[in-house]
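**Student:** Dumping the structure here so I can ask a few things about it.
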Amino acid sequence: MIELPVVPAVSQPVRKPDWLRVKLPTGKEYAHVRSLVDTHKLHTICESGNCPNMGECWGAGTATFMILGNICTRSCSFCAVATGRPLAVDVDEPNRVATSVKLMQVKHCVITSVDRDDLKDGGSIIWAETINAIRRESPETTLETLLPDFKGNWDNLARVLETRPEVVSHNLETVRRLTKEVRIQAKYDRSLEALKHISEAGLRTKSGIMLGLGETEEDVLEAMDDLLAAGVHILTLGQYLQPTRNHHPVIDWIHPDQFARYKQFGLDKGFRYVESGPLVRSSYHAEKHLFEM
């Protein structure tokens, strides 16, 4: 459920195709946010994940923050976030994130986190306090939360949903057939259940899948049907990139034409919004997903 870092991987078997090349971020709005981040030593996963869309998103007033530390209790084979014993919860983090959002004049804020299976509340208290702090400091800022599955503790999920973020996301990450291989400590059906809880709470519900891990078109279409049955409104599809040689290898480079096919499949099936392309990440065009329910 972490934003996918885009780091050159020496172990990838073939050269990245041309369609994965990106332009350096530029523009007045990007330069303004860049200056604030440097001056105030702010932390965004846009930077730490070296996201290819950072310039475009910052220019649109969107930024993504990661809370609850940078050590995850899970060890998914696709993710570069460190695994281990996390540090103690920083109770002042909600205020610091809210201050960052205000300083950066973020119009649409995306929040994500590591998995905190070590905590009884799964980190949900800090989640809720962070959302409320941002609302106090920047009442005009809209919010998207990219949530963990809280290990199936739906009371913890409900604590976050009670804050009513404008968009609530939980990434399926991969297809059913590959889940045990890619998301070792996660469960495909548990993720669908989390999404169903979000949708049934009357919130805009979003999920994402990485492609190129060895899935077939049939696998992807099955996942689309499962997500729709869980009440998902917004779907993102992007190319998986291997962070290091120790992570899951890239099996396929998915051509932009195939991404376009998947987008049309998704729209035809009933998703309200589909972002599908090699460089798409969870928060790509996030500010555009604020459609009327």
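Numbering-wise, my numbering puts 265 at position 224 of the sequence shown, and it's gapless, one number per residue. No residue lacks a Cβ here, since even glycine has one placed at the ideal position from N, Cα and C. Fair warning: this is a prediction, and the values are worked out from it, not measured in the lab.
Quick one: is residue 194 near chain C, going by C-beta distance under 9 angstroms?
**Tutor:** The chain inventory of the structure shown lacks chain C, comprising one protein chain alone.
**Student:** Helix, strand or coil for residue 143, going by three-state DSSP, please let me know.
**Tutor:** Start at 1 with the first residue of the sequence shown, and residue 143 comes out as number 102. DSSP places residue 143 in helix when its eight states are reduced to three.
**Student:** For a test of the three-state rule: what should DSSP assign to residue 283, helix, strand or coil?
**Tutor:** As a position in the sequence shown, residue 283 is number 242, starting the count at 1. In the structure shown, residue 283 sits in coil (DSSP, three-state: anything other than H, G, I, E or B).
**Student:** Leaving out five residues on either side along the sequence, give the residues of the same chain with a beta carbon under 6 angstroms from the beta carbon of residue 156.
**Tutor:** Reading the sequence shown from its first residue, position 115 is the one you call residue 156. The residues are 113, 114, 115, 189.
**Student:** In its own chain, which residues sit with a C-beta less than 6 angstroms from the C-beta of residue 151, not counting the 5 before and 5 after it?
**Tutor:** Residue 151 sits at position 110 when you count from the first residue of the sequence shown. 105, 185, 324, 327, listed in sequence order.
**Student:** Distance check for residue 298 and residue 160, CA to CA, integer angstroms please.
**Tutor:** Here residue 160 refers to the residue found at position 119 of the sequence shown. Here residue 298 refers to the residue found at position 257 of the sequence shown. Answer to the nearest angstrom: the Cα atoms are 43 angstroms apart.
**Student:** Who pairs with residue 252 in a beta bridge, going by DSSP?
**Tutor:** Locating residue 252 in the sequence shown gives position 211, counting from the first residue. Its beta-bridge partners are 280.
**Student:** From residue 191 to residue 312, what does the alpha carbon distance come to, in whole angstroms?
**Tutor:** For the purposes of this step, residue 191 is taken as residue 150 along the sequence shown, with counting starting at 1. For the purposes of this step, residue 312 is taken as residue 271 along the sequence shown, with counting starting at 1. Roughly 25 angstroms between the two C-alpha positions.
**Student:** Return the chain-ordered ranges of every alpha helix (DSSP H) run that is complete within the region 177-260 and spans a minimum of 4 residues.
**Tutor:** 195-202, 220-223, 229-241
**Student:** What are the residues that DSSP puts in a beta bridge with residue 314?
**Tutor:** Taking the sequence shown and counting its residues from 1, the one referred to as residue 314 is at position 273. Answer is 275, bridged to residue 314.
**Student:** May I have the straight-line CA-CA distance separating residue 233 from residue 267, to the nearest angstrom?
**Tutor:** Numbered from its first residue, the sequence shown carries residue 233 at position 192. Numbered from its first residue, the sequence shown carries residue 267 at position 226. Distance between the alpha carbons of residue 233 and residue 267: 7 angstroms.
**Student:** I'd like to know whether the C-beta atoms of residue 277 and residue 248 end up nearer to each other than 9 angstroms.
**Tutor:** Along the sequence shown, one-based indexing puts residue 277 at 236. Along the sequence shown, one-based indexing puts residue 248 at 207. Cβ distance < 9 angstroms, so residue 277 and residue 248 count as in contact.
**Student:** Measure the C-alpha to C-alpha separation of residue 53 and residue 62 and round it to an integer number of angstroms.
**Tutor:** Within the sequence shown, the letter at position 12 stands for residue 53. Within the sequence shown, the letter at position 21 stands for residue 62. Reliability of the predicted coordinates at residue 53 is poor, the pLDDT of 44 falling under 50, and no value is obtained from them.
**Student:** Just to confirm, are residue 214 and residue 250 a CB contact at a threshold of 9 angstroms?
**Tutor:** As a position in the sequence shown, residue 214 is number 173, starting the count at 1. As a position in the sequence shown, residue 250 is number 209, starting the count at 1. Yes, these two residues count as a Cβ contact at 9 angstroms.
**Student:** Which one of 166, 197, 144 has the shortest CA to CA distance from residue 179?
**Tutor:** Working through the sequence shown from its first residue, we reach residue 179 at position 138. Checking every option, the nearest Cα to that of residue 179 belongs to 144.
**Student:** In whole angstroms, what separates the C-alpha of residue 158 from that of residue 308?
**Tutor:** As a working note, residue 158 is residue 117 in the sequence shown. As a working note, residue 308 is residue 267 in the sequence shown. One C-alpha to the other measures close to 35 angstroms.
**Student:** Hey, how far is the Cα of residue 375 from the Cα of residue 261?
**Tutor:** Look at the range of the chain in this structure, 42 to 334, and you will see that residue 375 is not part of it.
**Student:** For residue 272 versus residue 236, is the C-beta spacing smaller than 9 angstroms?
**Tutor:** Indexing the sequence shown from 1 puts residue 272 at position 231. Indexing the sequence shown from 1 puts residue 236 at position 195. In this structure, residue 236 lies closer than 9 angstroms to residue 272 by Cβ.
**Student:** Can residue 172 and residue 201 be called in contact, C-beta distance under 9 angstroms?
**Tutor:** Residue mapping note: residue 172 aligns to position 131 of the sequence shown, counting from 1. Residue mapping note: residue 201 aligns to position 160 of the sequence shown, counting from 1. At a Cβ-Cβ threshold of 9 angstroms, residue 172 and residue 201 count as neighbours.
**Student:** Would DSSP call residue 138 helix, strand or coil?
**Tutor:** The residue you call residue 138 lines up with position 97 of the sequence shown. Correct three-state label for residue 138: helix.
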